[in-house]
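Student: Dropping the structure in here first, questions after.
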Amino acid sequence: MSTAKLTLRVLALDVGKKRIGLAMTDPLGIIVQGLPTYKRTTKREDLEYLARLCQEYEVQHVLVGRPLHMSGDESPMSRYTAEFGAKLGERTGLTVEYVDERLTSFEAGEVLRELGRSTDRKTGNVDRMAAILMLQEYLDRMDPQGREELC
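When we follow the working numbering, the leftmost residue of the sequence shown carries the number 284, and every step to the right adds one.
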């Protein structure tokens with residue numbers, strides 16, 4: 284088995300109307316690290332920025348959080364994030380996977396409060412932590428063979 288097949292760099296996005304929380308795995312797809320929260324400008328510029336980020340870090344897989352209603356039904360924002368993810372997939376040629384992130388922002392706020400960090404939305408901390416938690420949960424559910432299949 285080649286080493287290349289065992290590596291998987293994943294980028295996770297917590298897409299909002301004003302900001303996008305970002306988290307990425309290390310080159311081996313093991314460790315999750317938050318990236319600076321991206322302040323949105325236009326959809327076109329946002330997609331260009333993310334495409335450059337994917338290229339620069341050799342991202343192989345993208346996760347996009349979908350904020351469903353607690354019932355599991357679609358919300359206007361989950362439809363918006365699905366459309367955004369589809370456009371990013373078209374732009375980059377990468378596989379975009381959607382994950383349920385109903386309570387991720389709430390959990391992110393809890394973690395930040397425990398750490399004594401600001402939960403003010405303007406800081407981008409909640410968005411970044413939501414992306415981190417989403418990506419870590421994704422990795423925790425995946426076995427090593429699953430990572431190989433995504434490459």
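In this text, a Cβ means the ideal position worked out from N, Cα and C, and glycines have one as well.
The structure displayed is predicted, hence computed values, not measured ones.
1) Could you tell me if M302 is buried or exposed, where buried requires 16 or more neighbouring beta carbons within 10 angstroms of its beta carbon?
2) Restricting to runs no shorter than 3 residues, where is the beta strand (DSSP E) found entirely within the stretch 302–349?
3) Which term fits L418, buried or exposed, when burial requires 16 or more other beta carbons within 10 angstroms of its beta carbon?
4) Please classify P350 as buried or exposed, where buried requires at least 16 neighbouring CB atoms within 10 angstroms.
5) Closest to V347 by CA distance: which of L336, E380, R374 and Y363 is it?
6) Is D356 close to chain D? Criterion is C-beta to C-beta, closer than 8 angstroms.
7) Measuring CA to CA, which of L377, F367 and D383 is closest to D356?
8) Cα-Cα, which of F367, A414, D423 and Y363 is closest to G317?
9) Pull up the distance between the alpha-carbon of G304 and that of T364, whole angstroms please.
10) For L377 versus V342, is the C-beta spacing smaller than 8 angstroms?
Tutor: To lay it out plainly:
1) By 1-based counting over the sequence shown, the position of residue 302 is 19. The residue asked about is misnamed: residue 302 is Arg in this sequence, not Met. When all chains shown are included, R302 counts as buried.
2) 302–308, 315–322 and 344–349
3) Within the sequence shown, the letter at position 135 stands for residue 418. When all chains shown are included, L418 counts as buried.
4) The sequence position of residue 350 within the sequence shown is 67, counting from 1. Buried, because 16 or more other Cβ atoms sit within 10 Å of the Cβ of P350.
5) As a position in the sequence shown, residue 347 is number 64, starting the count at 1. Looking at the Cα atoms, E380 is the closest of the given residues.
6) The chain inventory of the structure shown lacks chain D, comprising one protein chain alone.
7) Along the sequence shown, one-based indexing puts residue 356 at 73. Among L377, F367 and D383, the Cα nearest to that of D356 is on D383.
8) The count along the sequence shown starts at 1 and reaches residue 317 at position 34. With distances taken between Cα atoms, G317 lies closest to A414.
9) In the sequence shown, counting from the first residue as 1, residue 304 sits at position 21. In the sequence shown, counting from the first residue as 1, residue 364 sits at position 81. When rounded, the distance between both Cα atoms is 13 angstroms.
10) Translated into positions along the sequence shown, residue 377 becomes position 94. Translated into positions along the sequence shown, residue 342 becomes position 59. Yes, they are a contact pair.
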